[in-house]
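>
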Amino acid sequence: MEDMTRSRTITRSVPWLLWLGWKNRNSIMYAETQESTERLLRDMVDEAEQWFKLNNVLTPDIDGRACLQSGDSWSPPEEGRIKCNIHANWRNASLHSGIAWIARDHYGKVIHHTRDAIVNAPNRLIAEIRCVIWTLTSLSDLGVTNVIIASDYNEVMEAIKLPLQWPRYRALLHQITKLKENFVTITFEGETIQTNGIARDIARSVLRDGRFQSYLALGGPSWLQDRIAREETRSRD
């Protein structure tokens, strides 16, 4: 944890790795269930990031100053394009999944944001693909023609770019292929959990706060305005 050559995300996540490992052990022993390693590691990073955000803890760099590590800052699109960060908050096949997207211009200014709830998603990848379909449909209806779709879930990005390697999801991926025809330019990019944090928080609010009513709004949500403003400022630096 004191090795400053490693990324901040890794060094400060160690306690959560131990804690989630303990929880997984109890699930195996007493509930006969086990989460996937991938999901556990994602939860670990997510839990650590949320704790540090809520407690406003700053991690000093080698010179003793608090700073953003490379890749920790949301990056805007080039001028003339819209960047749309998306997320599907999938818990399990029995619960609703919260989905959300937030679209910003090259200044980092929020154009629109929206959230909704979906049902009957047997796994996270299907929830994420359905989130992409919903996002593309919404953007097309709004007249957006040049867009970047950004997600921190690498598998959905890979499935969209190489659909033939994901035959199990062929029908859903075909819908995305057809929707792409509605755009002049469309790019799919990977994000880190940190840089996709605002979209993640909007999606999580669906289940956390029982906000199952879908909506589309201009600008960003009021309860995230401070973070949106910080990311907008950084994007202009």
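Take the sequence shown: its position 144, counted from the start at 1, is 144 in the UniProt record's numbering, and no numbers get skipped.
Virtual Cβ for every residue (Gly too), placed ideally from N, Cα, C.
Is it the case that the segment 202 to 217 contacts the segment 97 to 106, given that we only count it when at least three CB pairs across the two stretches are under 8 Å?
A contact exists between the segment 97 to 106 and the segment 202 to 217.
> State the Cα-Cα distance for the pair S222 and V110, rounded to the nearest angstrom.
For the purposes of this step, residue 222 is identified with residue 222 of the sequence shown, where counting begins at 1. For the purposes of this step, residue 110 is identified with residue 110 of the sequence shown, where counting begins at 1. Straight-line Cα distance between these residues: approximately 12 Å.
> For L68, which three-state DSSP category applies?
On the sequence shown, position 68 is the one that residue 68 refers to. With a pLDDT of 36 at L68, under the threshold of 50, the modelled position of this residue cannot be trusted; read the value that follows with caution. In the structure shown, L68 sits in coil (DSSP, three-state: anything other than H, G, I, E or B).
> Pick out whichever of K161, R42, A48, L164 has its Cα sitting closest to the Cα of T11.
The residue you call residue 11 lines up with position 11 of the sequence shown. When each option's Cα is compared against that of T11, the closest is A48.
> Measuring only the C-alpha atoms, how far is V147 from I186?
Counted from its first residue, the sequence shown places residue 147 at position 147. Counted from its first residue, the sequence shown places residue 186 at position 186. So the two alpha carbons sit approximately 5 Å from each other.
> Under 7 Å Cβ to Cβ from I228, same chain only, skipping five residues before and after it: list those, please.
On the sequence shown, residue 228 is found 228 positions in, with the first residue counted as 1. Result list for I228: V110, I198, G220, in chain order.
> For S13, which residues of its own chain have a beta-carbon under 8 Å away from its beta-carbon, when the five flanking residues on both sides are left out?
Taking the first residue of the sequence shown as position 1, residue 13 is located at position 13. Excluding sequence neighbours, S13 sits near M44, V45, A48.
> With contact counted as at least three CB pairs below 8 Å, one residue from each stretch, are the segment 145 to 161 and the segment 79 to 93 in contact?
Contact between the segment 145 to 161 and the segment 79 to 93 is present, because at least three Cβ pairs lie under 8 Å.
> Quick test of your reading: E128 and V156, contact by CB under 8 Å. State the CB separation rounded to the nearest angstrom.
As a first step, residue 128 is located in the sequence shown; it is residue number 128 there, counting from the start. As a first step, residue 156 is located in the sequence shown; it is residue number 156 there, counting from the start. About 4 Å; that satisfies the 8 Å criterion.
> Taking 8 Å as the threshold, find out whether the segment 23 to 30 comes into contact with the segment 118 to 137 through three or more Cβ pairs.
Verdict: no, contact absent.
> Taking Cβ positions, are G108 and E232 nearer each other than 8 Å?
Within the sequence shown, residue 108 is the residue found at index 108, counting from 1. Within the sequence shown, residue 232 is the residue found at index 232, counting from 1. In contact: G108 and E232 (Cβ atoms closer than 8 Å).
> Any beta carbon from chain D within less than 8 Å of V156's own beta carbon?
Given the protein chain composition of this structure (a single chain), no chain D is represented.
> Apart from the five residues just before and just after S36, which ones in its own chain have a Cβ nearer than 6 Å to its Cβ?
As a working mapping, residue 36 is identified with position 36 in the sequence shown. There are no such residues.
> Considering only the beta carbon of each residue, do H106 and P76 sit closer than 8 Å?
By one-based count along the sequence shown, residue 106 stands at place 106. By one-based count along the sequence shown, residue 76 stands at place 76. Yes, the Cβ-Cβ distance between H106 and P76 is below 8 Å.
> Check R234 in the structure and name its three-state DSSP category.
As a first step, residue 234 is located in the sequence shown; it is residue number 234 there, counting from the start. DSSP places R234 in helix when its eight states are reduced to three.
> Looking at the secondary structure, which residues open and close the beta strand (DSSP E) in which W166 lies?
As a working note, residue 166 is residue 166 in the sequence shown. Run containing W166: none; DSSP gives neither H nor E here.
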